[in-house]
Amino acid sequence: MIDRDAALALVKAQNPNPGLLAHGRQTEAVMRALAARLGHDPELWGLTGLLHDLDYPATAATPEQHGLALRSLLPEGALPAVALDAIAAHNDEYTGHAPATAFDYALRAAESVTGIISAAALVRPDKMQGMAAKSIKKKMKDKAFAANVRRANILECDKAGLPLDEFLTLAIAAIASVAAETGLA
Ligand SMILES: [Fe+2]
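Numbering-wise, the sequence shown is residues 51 to 235 according to the working numbering.
Structure, rendered in structure tokens:
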């Protein structure tokens, strides 16, 4: 499997905008925490989170390729098949790869929850400090807030193995741990 430095270098080589780079790092943090909590491999889940949008810049005009094109951007053996499946399934609306495993559901929930938590942080004076799960639940019910974040994907956290309240608490702590490097401090 690829190591973290090489994975981050690959992501940066695709010229992601700062928001997309932050999204990858936040998704990595949530996935590492989820794997540790649920007894999976934190390195595998974390690097999959970091790399999941690797091909986003390259597929801006071909969204049906997002989540699939990265296979040709990765060195041979960089990620195992289960990770490539999870990445394809995070964009199943376009790729047609339906999520099936805990890993698949975890990536969908993790990459979606970063959107609503970071949007919530940016409108709080204290950003991530003191953020509570119940305030994120309230934001999830406000359809106009961060309207592009797919609430259904977040709610699927229970299929990854964690109920919503616990998932939100874990995700807030994970994103807070990378707040300084992802524009949320
Ligand atoms: Fe993403």
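Glycine is no exception: its CB is placed at the ideal position from the N, C-alpha and C atoms.
Computed from a prediction, not measured in an experiment: that's the story for all the values here.
query	result
Nearest neighbour of residue 115, chosen from 199, 99, 161, 139 [CA to CA]	139
Presumed contact (8 Å Cβ cut-off) between residue 162 and residue 199, rounded CB distance	6 Å
Residue 232 beta carbon near ligand 1 (any heavy atom closer than 7 Å)	no
Residue 67 burial status per 10 Å Cβ neighbour count (16 or more: buried)	exposed
Whole alpha helix (DSSP H) elements within the segment 164–201, 4-residue minimum	183–191
Residue burial classification, residue 154 (beta-carbon count within 10 angstroms, cutoff 16)	buried
Coil, strand or helix - residue 89 by DSSP	coil
Enclosing alpha helix (DSSP H) for residue 224 [first to last residue]	214–227
Range covered by the alpha helix (DSSP H) that runs through residue 54	54–63
Candidates 158, 58, 65, 78: closest to residue 227 by CA position	78
Residue 73, DSSP secondary structure in three states	helix
Closest Cα partner of residue 145 within the set 51, 129, 117, 54	117
N- and C-terminal bounds of the alpha helix (DSSP H) containing residue 151	Segment: none, residue 151 is in no alpha helix (DSSP H) and carries neither H nor E.
Segment contact flag, the segment 167–175 with the segment 93–101, C-beta cutoff 8 Å, min 3 pairs	no
N-terminal and C-terminal residue of the alpha helix (DSSP H) that residue 145 is part of	142–145
8 Å Cβ cutoff met for residue 157 and residue 99	yes
Own chain partners of residue 220 with C-beta closer than 8 Å, once the 5 adjacent residues on each side are dropped	80, 83, 84, 87, 212
Buried/exposed call for residue 208, threshold 16 Cβ in 10 Å	exposed
Continuous alpha helix (DSSP H) assignments of at least 4 residues falling wholly in the segment 108–142	131–139
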